[in-house]
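Quick note: my numbering has the sequence shown finishing at residue 538, numbered continuously throughout.
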Amino acid sequence: MRGRFSDRLLGKLMEADWVTAFTGAGVSAESGVPTFRGTGGIWARFKPEELASMDAFMRNPDLVWEWYAHRKRIIAEVQPNPGHVALAQMELLFAGFAVITQNIDNLHRRAGSATVHELHGNIERNYCIGCGRRYSNAEVLAQKGVPRCTECGKAVRPDVVWFGEQLPLEEWERSVRAAQSADVFLSIGTSGIVYPAASLPQISRRSGAYLVEINPEPTPLTDIADEFLQGTSATILPLLVKAIEETRTPQG
Ligand code: BJW
Ligand code: ZN
């Protein structure tokens with residue numbers, strides 16, 4: 287046992303050629319980005335299923351757009367936290383390393399991670415639902431209410447994946463390969479209930495990975511994980527990087 291980590295986990299990490307980190311909203315919580323489920327605030331009155339769908343956008347475009355405009359503003363102001371930074375550092379410690387994220391906030395790239403597969407899109411991009419023309423956040427936030435396309439007049443939406451929509455195929459295929467290649471798979475800060483993303487830890491484990499979950503709360507994944515590290519990502523991930531470095535270069 288080195289600090290809070292088992293010899294078994296550190297042994298697996300010493301032997302690992304490939305490590306994959308799968309992240310959810312919890313990883314950005316300590317940057318000040320609210321999670322989807324189980325939080326306070328005005329948006330907690332709505333389930334993500336009631337806001338993150340094309341049906342919801344068609345039924346109540348103002349409400350859905352207001353939610354995204356609110357989140358765009360929060361995300362533009364926050365910074366990556368020590369958990370994001372630790373994952374960027376971890377990338378340099380292994381021959382193969384990938385971050386698969388369900389987050390749309392771009393914080394992994396901003397922290398310096400190079401290989402990032404974004405399964406649910408990116409809130410910094412937008413496109414017209416009529417003609418597909420792309421818009422920057424500066425362009426859409428300059429308009430009042432739901433932005434309209436300058437070419438065709440239809441509504442502009444965030445480039446994120448809503449319920450009932452397909453995940454971007456290339457990002458999905460790369461994520462499946464990263465899950466299958468992993469010797470150690472870290473599932474961090476996700477409730478693990480939204481599919482198909484939530485199948486990646488299972489895919490990885492079936493391919494022989496050592497499955498580690500990092501979360502302050504147990505989730506449906508906890509029972510199949512080889513280890514459950516209970517705590518927040520901004521606390522545990524920097525300690526894990528330190529433990530890997532110390533195990534590789536024993537002190538004294
Ligand atoms: C901390 C922490 C700290 C807190 N440190 N941790 C029935 C069965 C199976 C599937 C389905 C079904 N019915 C429908 C479906 C399909 C559906 C689905 O999975 N629904 C489930 C809810 C049941 N999936 C889809 O529709 C997907 N598409 C699809 O299936 O396509 C195929 C198809 C197409 C057409 C027809 C039929 C099939 C698309 C899913 C898209 C999800 N989109 C969203 C919104 C993205 C844009 C945006 O951000 O606005 O993605 S929803 C939302 O949930 C977002 C997230 O990425 C996703 C996952 O949430 P996440 O990240 O896990 O966050 P939370 O809040 O749930 O959890 C936070 C965790 O952090 C908690 O565990 C905390 O404890 C922890 N935490 N602080 C570490 N400091
Ligand atoms: Zn258009």
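In this text, a Cβ means the ideal position worked out from N, Cα and C, and glycines have one as well.
- In the DSSP annotation of this structure, the continuous segment of the alpha helix (DSSP H) that includes ASN423 starts and ends at 423–428.
- Here TRP351 has VAL432 as same chain residues with Cβ atoms under 6 Å from its own Cβ, once five neighbours each way along the sequence are excluded.
- Residues TYR354, ILE409, ASN412 of the same chain have their beta carbon placed closer than 6 Å to that of PRO444, with the five preceding and five following residues left out of the count.
- In the structure shown, GLU457 adopts helical secondary structure according to DSSP, grouped into three states.
- Remark: the shortest separation between the CB of ARG443 and any heavy atom of ligand 2 does not fall under 7 Å.
- DSSP places GLN388 in the coil class of the three-state scheme, outside both helix and strand.
- For ligand 2, a non-hydrogen atom lies closer than 7 Å to the CB of ARG419.
- The beta carbon of PRO506 sits closer than 7 Å to the beta carbons of GLY478, ILE479 from its chain, once the five residues preceding and following it are set aside; these are given in chain order.
- In the three-state reduction of the DSSP assignment, LEU515 falls in the strand class.
- In this structure, DSSP gives GLU336 a helical state, which the three-state scheme calls helix.
- Counting other Cβ atoms within 10 Å of its Cβ, TYR496 reaches 16 or more and is therefore classed as buried.
- The region 417–425 makes no contact with the region 321–331: fewer than 3 CB pairs, one atom from each, lie closer than 8 Å.
- Contact between the region 357–373 and the region 385–398 is present: three or more C-beta pairs spanning the two stretches fall below 8 Å.
- Contact between the region 288–306 and the region 527–537 is established, with three or more Cβ pairs separated by less than 8 Å.
- Note: GLU377 is not bridge-paired with any residue in the DSSP secondary-structure output.
- Around the beta carbon of GLU499, 16 or more other beta carbons sit within 10 angstroms, so the residue counts as buried.
- No Cβ-Cβ contact shorter than 8 Å links SER485 with LEU405.
- Of the candidates GLY398, ILE489, THR535, the residue whose Cα lies closest to the Cα of GLY369 is GLY398.
- Residue burial is scored here from C-beta neighbours: SER422 has fewer than 16 other C-beta atoms within 10 angstroms and is therefore classed as exposed.
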